[in-house]
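**Q**
Numbering (this note's numbering), first residue to last: 190 to 407.
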């Protein structure tokens, strides 16, 4: 039996379109999201647009102020460090818990599916889809823990993770995919310590190269 994804509401459709446009750089960092112009570009009214913008703000894509309205967030050195620090706390622990879950009989189907999708998009070479698939792989690890708070924490930052992956797509995606293969294997074996070590090295390896690519302000 096959299932279909429920249709997204109009505000969520707008949110998804703006989110992708921001990640792809169509609305660059520091760009003001002019409400009237964007409503015209998307052929929507301003009412659902006003519902979509707060979703972007919660995810860290925009910052809203009373006088300027919504402005696309800017990646600073501090923000990059904070994201890497949070990922290490969140994802390293999640990798160990996911491996432990395997020992309790939790299936690795979703993780394997995410890995297979990553492989297919790496071969296609679309930086946006590669960033999307890589993020999905990390989300699948957190989902395996069955911990609702870990999953909620991951959802709160996964958009920014994908954005950073896209911005640093010049880094070797084949190395990243190889890391994913090793990490997935350690989790499937139930090897907690190895899964944690691989997750840490995978995340930390890209910290300095990310700065070299982005040249963020302090």
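Note that CB positions come from ideal geometry on N, CA and C, so glycine has one too.
Identify every residue that forms a DSSP beta bridge with residue 399.
**A** Looking up residue 399 in the chain shown gives position 210. Bridge partners of residue 399: none, in fact.
**Q** Rounded C-beta distance between residue 247 and residue 222? I'm assuming under 8 angstroms.
**A** Numbered from its first residue, the chain shown carries residue 247 at position 58. Numbered from its first residue, the chain shown carries residue 222 at position 33. Their Cβ separation, rounded to whole angstroms, is 15 angstroms, which puts residue 247 and residue 222 out of contact at 8 angstroms.
**Q** Evaluate residue 407 with the Cβ neighbour count: other Cβ atoms within 10 Å of its Cβ, from every protein chain shown; 16 or more gives buried, anything less gives exposed.
**A** Taking the chain shown and counting its residues from 1, the one referred to as residue 407 is at position 218. Exposed, by the Cβ-count rule.
**Q** On the premise that residue 365 lies in contact with residue 375, defined as a C-beta separation below 8 angstroms, what is that separation, rounded to the nearest angstrom?
**A** Taking the first residue of the chain shown as position 1, residue 375 is located at position 186. Taking the first residue of the chain shown as position 1, residue 365 is located at position 176. Not really, about 16 angstroms apart at Cβ, beyond 8 angstroms.
**Q** For the alpha helix (DSSP H) that contains residue 288, what are its first and last residues?
**A** As a working note, residue 288 is residue 99 in the chain shown. It spans 266-292 - the alpha helix (DSSP H) in which residue 288 sits, taken as one unbroken run.
**Q** Using C-beta distances below 6 angstroms, list every residue in its chain close to residue 190, excluding the 5 sequence neighbours before and after it, in chain order.
**A** Mapped onto the chain shown, residue 190 falls at position 1. Legend: pLDDT at residue 190 = 36, less than 50; position of this residue unreliable, value from coordinates given subsequently. So the list is empty, once near-sequence residues are dropped.
**Q** Tell me which same chain residues have a C-beta within less than 6 angstroms of the C-beta of residue 391, skipping the five on either side of it?
**A** Taking the first residue of the chain shown as position 1, residue 391 is located at position 202. Taken in chain order, the residues that qualify are 368.
**Q** Going by the beta-carbon positions, is the gap between residue 332 and residue 340 smaller than 8 angstroms?
**A** Numbered from its first residue, the chain shown carries residue 332 at position 143. Numbered from its first residue, the chain shown carries residue 340 at position 151. In contact: residue 332 and residue 340 (Cβ atoms closer than 8 angstroms).
**Q** What number of angstroms, rounded off, separates the C-alpha of residue 281 from the C-alpha of residue 303?
**A** Locating residue 281 in the chain shown gives position 92, where the first residue counts as 1. Locating residue 303 in the chain shown gives position 114, where the first residue counts as 1. Each residue's Cα considered, the two are about 18 angstroms apart.
**Q** Thinking just about the alpha-carbon of each residue, which of 335, 262, 265 is nearest to the one in residue 284?
**A** For the purposes of this step, residue 284 is taken as the residue at position 95 of the chain shown. Of the candidates 335, 262, 265, the one whose C-alpha sits nearest the C-alpha of residue 284 is 335.
**Q** To the nearest angstrom, report how far apart residue 314 and residue 362 are at their CA atoms.
**A** By one-based count along the chain shown, residue 314 stands at place 125. By one-based count along the chain shown, residue 362 stands at place 173. Near 9 angstroms, if we compare the C-alpha coordinates of residue 362 and residue 314.
**Q** Check the C-beta distance from residue 269 over to residue 405 and give it rounded, since I have them as a contact under 8 angstroms.
**A** In the chain shown, counting from the first residue as 1, residue 269 sits at position 80. In the chain shown, counting from the first residue as 1, residue 405 sits at position 216. The pair is a contact, with the Cβ atoms about 6 angstroms apart (cut-off 8 angstroms).
**Q** Indicate the three-state DSSP secondary structure (helix, strand or coil) for residue 263 in the structure shown.
**A** By 1-based counting over the chain shown, the position of residue 263 is 74. It is coil, neither helix nor strand.
**Q** Pull up the DSSP beta-bridge partners for residue 258, would you.
**A** Here residue 258 is taken as the residue at index 69 of the chain shown, counted from 1. Note: residue 258 sits in a beta bridge opposite 254.
**Q** When you compare the CB positions of residue 346 and residue 300, do they come within less than 8 angstroms of one another, or not?
**A** Here residue 346 is taken as the residue at index 157 of the chain shown, counted from 1. Here residue 300 is taken as the residue at index 111 of the chain shown, counted from 1. No, these two residues do not count as a Cβ contact at 8 angstroms.
**Q** Pull up the distance between the alpha-carbon of residue 254 and that of residue 260, whole angstroms please.
**A** Your numbering for residue 254 matches position 65 in the chain shown. Your numbering for residue 260 matches position 71 in the chain shown. One C-alpha to the other measures close to 8 angstroms.
**Q** Do you know offhand how far residue 389's Cα is from residue 243's?
**A** Position 200 of the chain shown holds residue 389. Position 54 of the chain shown holds residue 243. The alpha-carbon atoms of residue 389 and residue 243 are separated by roughly 32 angstroms.
**Q** Inspect the beta-carbon positions of residue 350 and residue 327 and report whether they are closer than 8 angstroms.
**A** Taking the first residue of the chain shown as position 1, residue 350 is located at position 161. Taking the first residue of the chain shown as position 1, residue 327 is located at position 138. Going by C-beta atoms, residue 350 is nearer than 8 angstroms to residue 327.
**Q** Is it buried or exposed, residue 298, if we count other Cβ atoms within 10 angstroms and call 16 or more buried?
**A** Here residue 298 refers to the residue found at position 109 when the chain shown is read from its first residue. By the 10 Å Cβ count, residue 298 comes out exposed.
**Q** Residue 219 and residue 265: beta carbons closer than 8 angstroms?
**A** What you label residue 219 is simply residue 30 of the chain shown in a count that begins at 1. What you label residue 265 is simply residue 76 of the chain shown in a count that begins at 1. Contact flag unset, no.
**Q** Alpha carbon to alpha carbon, how far is residue 320 from residue 212? Give it in angstroms, no decimals.
**A** Along the chain shown, read from residue 1 onward, the residue named residue 212 stands at position 23. Along the chain shown, read from residue 1 onward, the residue named residue 320 stands at position 131. Each residue's Cα considered, the two are about 10 angstroms apart.
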